[in-house]
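Okay, so the sequence shown: first residue is 297 according to my numbering, each after it adds one.
Quick reminder that beta carbons are idealized off the backbone N, C-alpha and C, glycines included.
Read the structure below first, then the notes.
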Amino acid sequence: MTMTGEEHAAGLTGPWWWSRWRSAVLDGGLALVSAAECAAEGVPFARDAGVPVSVGVVFGLIAGSVLLVRRRWPIAVVLVAIAVTPAEMGFLMGVVGLYTLAACELPRRIIVALSGMSLVATAVVTFVRVRQDMARGDLTLGDWFVPFAAVTTALGLTAPPVLLGLYVGARRRLMESLRERADSLERELQLLAERAEERAEWARNEERTRIAREMHDVVAHRVSLMVVHAAALQAVARKDPEKAVRNAALVGDMGRQALTELREMLGVLRAGEEAGRRAASVPLAAVGEAAAAAASRAAGEEVAVEGPCLSELEELVGQSAAAGMVVELSVQGEVRGYAAEVEQTAYRVVQEALTNVHKHAAGAKTRVRLAHRAAEIAMQVENEPPPEPRSASAAGLPSGGNGLVGMRERVVGLGGVFVSGPTDAGGFRVSAVIPAA
């Protein structure tokens, strides 16, 4: 079971230079065994050297206890083991020291040099001891056995711990590398999750803005015309019954059109809710595919919704004219078809501009210009100053201040240019240019 870098760092709770308590206990136990071994081997060494036995025992205890610092100073442990090799003590210390040295993060030349020194020291001591035993008659083998025993013993005490240490060190470095890569991957996944959440929030905000803009465009124009016609109906109901009947019919038609557009929009929203409920019941095996589809929608793909087009522009202007507005429509260039979103945006810009005239400049003469160009379509709605400045308020038409903002968002979203502002004559002008592609 692997651990991440943070979990690994949290587990470093040992004393002094040990990472864990169990490592300290292990080194302490090895040091005790090594000290006992060196103390026992110090007795014959003291006799051969002609010194008191107690001196040999104390020397062995001190030399063997050096194994306690093998993790902190492995070079010192190996050097001490090499130094006491002529006294024929410290075999455990030499084996463990070489293993620790090879497993540490040290340059290879240091490991090779110290391992070579230990190999030579062991070979020389073994060669001398075996030769002395043969000289005393303890061994009766041929002369070939002396170098064979020296090389075999030296390799047996040096090569296995060094090779094992190199393997353990390489495995430890690999685990550290994997742990670092796991930490990096975890951080990247966290960043991706945060970015996905930000993109989802952005997509939700964009969708809310789009729905609010569509609702404003659908409701504001129709209801504004209905209010204007209702005011006219109230004014002529007794004087001209036939005109009152026509205005009432117009109000009914506009109300039905507004309801139709609202039903279409609510149908799209309900379809989205049904899709969300169906997605909630999808098994986990299909979650990845659904997430990919949601990401593609968040990246800009929208459900195709049938909307108004430029062919309905004349009807739109006629509705405003029927409400009492003096409005002129002029079309320049060759009429042709555009992408659905381009035609919808152009239609909505003219629609919202006419709605603003009804709200803020009722009765003002208005000119609507549409120009079909080679690579773009341009539209302009300009009204003169209203004859009666308070006629708009008399009609009771509120203004939320979002019409111009919505038009600008639509046009800029398609890479176009939108300009609006008052004219020198006291009227107001709305201009927009949208790329045809």
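Residues that DSSP places opposite residue i in a beta bridge
i	result
Arg767	Limits of the chain in this structure are 297 at one end and 733 at the other, which puts residue 767 out of reach.
His668	Ile673
Pro731	Glu672
Pro718	Phe724
Val321	Beta-bridge pairing links Val321 to no other residue.
Val351	For Val351, which the question treats as bridged, DSSP gives no partner whatsoever.
Val646	In the DSSP output, where bridge partners are listed per residue, Val646 has none listed.
Val294	Residue 294 is absent from the model: the chain starts at 297 and stops at 733.
Proximity of residue i and residue j at Cβ, strictly below 8 angstroms
i	j	result
Val645	Arg706	yes
Ile362	Gly338	At residue 362 the sequence reads Val, which differs from the Ile that was named. Going by C-beta atoms, Val362 is not nearer than 8 angstroms to Gly338.
Cys400	Gly465	yes
Arg669	Gly712	no
Gln676	Val726	yes
Met740	Gly551	The structure shown has nothing for residue 740, since the chain only spans 297 to 733.
Gly461	Leu394	yes
Leu546	Ala492	no
Leu529	Asn543	yes
Arg509	Gly633	no
Leu388	Ser330	yes
Met430	Val416	no
Pro370	Leu326	no
Ala657	Phe724	yes
Leu357	Ala335	yes
Ala540	Ala533	yes
Glu729	Glu672	Reading the sequence as shown, one finds Val at residue 729 and not Glu. Their beta carbons are under 8 angstroms apart, which means Val729 touches Glu672 by this criterion.
Closest by C-alpha distance to residue i, when choosing among the options
i	options	result
Arg366	Val351, Phe355, Gly390, Arg343	Gly390
Pro681	Ser330, Pro718, Ala496	Pro718
Val664	Glu538, Lys655, Tyr643	Tyr643
Val623	Val329, Val613, Glu493	Val613
Val374	Gly356, Ser414, Arg504	Ser414
Gly659	Leu650, Tyr395, Ala667	Leu650
Val653	Leu710, Ala667, Glu630, Gly722	Gly722
Ala636	Ala732, Glu510, Ala533	Ala732
Ala455	Ala327, Ser411, His656	Ser411
Lys655	Pro604, Ser520, Pro457	Ser520
Glu678	Lys535, Asp720, Leu710, Glu639	Asp720
Glu608	Ala431, Gln553, Glu503, Ile371	Gln553
Gly699	Ala671, Glu502, Glu648, Val715	Glu648
Gly360	Val638, Leu328, Pro340, Ser350	Leu328
Gly312	Leu364, Arg495, Glu490	Checking the sequence shown, residue 312 turns out to be Trp, not Gly. For Trp312, the nearest C-alpha among the options comes from Leu364.
Val638	Cys605, Lys661, Leu625, Thr662	Cys605
Ser626	Ala499, Leu666, Val420, Ala540	Leu666
Ala419	Ala540, Glu611, Ala450, Glu503	Ala450
Val524	Arg506, Ser616, Lys535	Ser616
Val708	Thr641, Ile371, Ala657, Pro683	Thr641
Arg368	Ala335, Leu402, Gly356	Leu402
Pro683	Glu672, Leu710, Lys661	Lys661
Leu322	Arg432, Ala379, Val392, Val376	Val392
Ala332	Phe355, Trp317, Ala728	Phe355
Leu458	Ala409, Val729, Ala478	Looking at the sequence itself, residue 458 is Val, so the reference to Leu does not match. Val458 has its Cα closest to that of Ala409, out of Ala409, Val729, Ala478.
Chain C contact for residue i (CB, 8 angstroms cutoff)
i	result
Met621	Considering every chain present, this structure includes no chain C. It has just one protein chain.
Near the ligand NAD: residue i beta-carbon under 7 angstroms from a heavy atom
i	result
Glu705	The ligand content of the structure shown is nil, which means the ligand NAD is not present either.
Could you tell me which whole beta strand (DSSP E) segments of length 3 or greater appear in the stretch 451-507? none
Mind the definition here: the stretch 410-424 touches the stretch 473-486 only if three or more C-beta pairs lie below 8 angstroms; say whether that holds. no
With a floor of 4 residues, list each alpha helix (DSSP H) that falls wholly inside the stretch 382-446, ordered by position along the chain. 387-399, 404-432
Closer than 8 angstroms is the cut-off here; do at least three beta carbon pairs connect the stretch 329-349 with the stretch 380-390? yes
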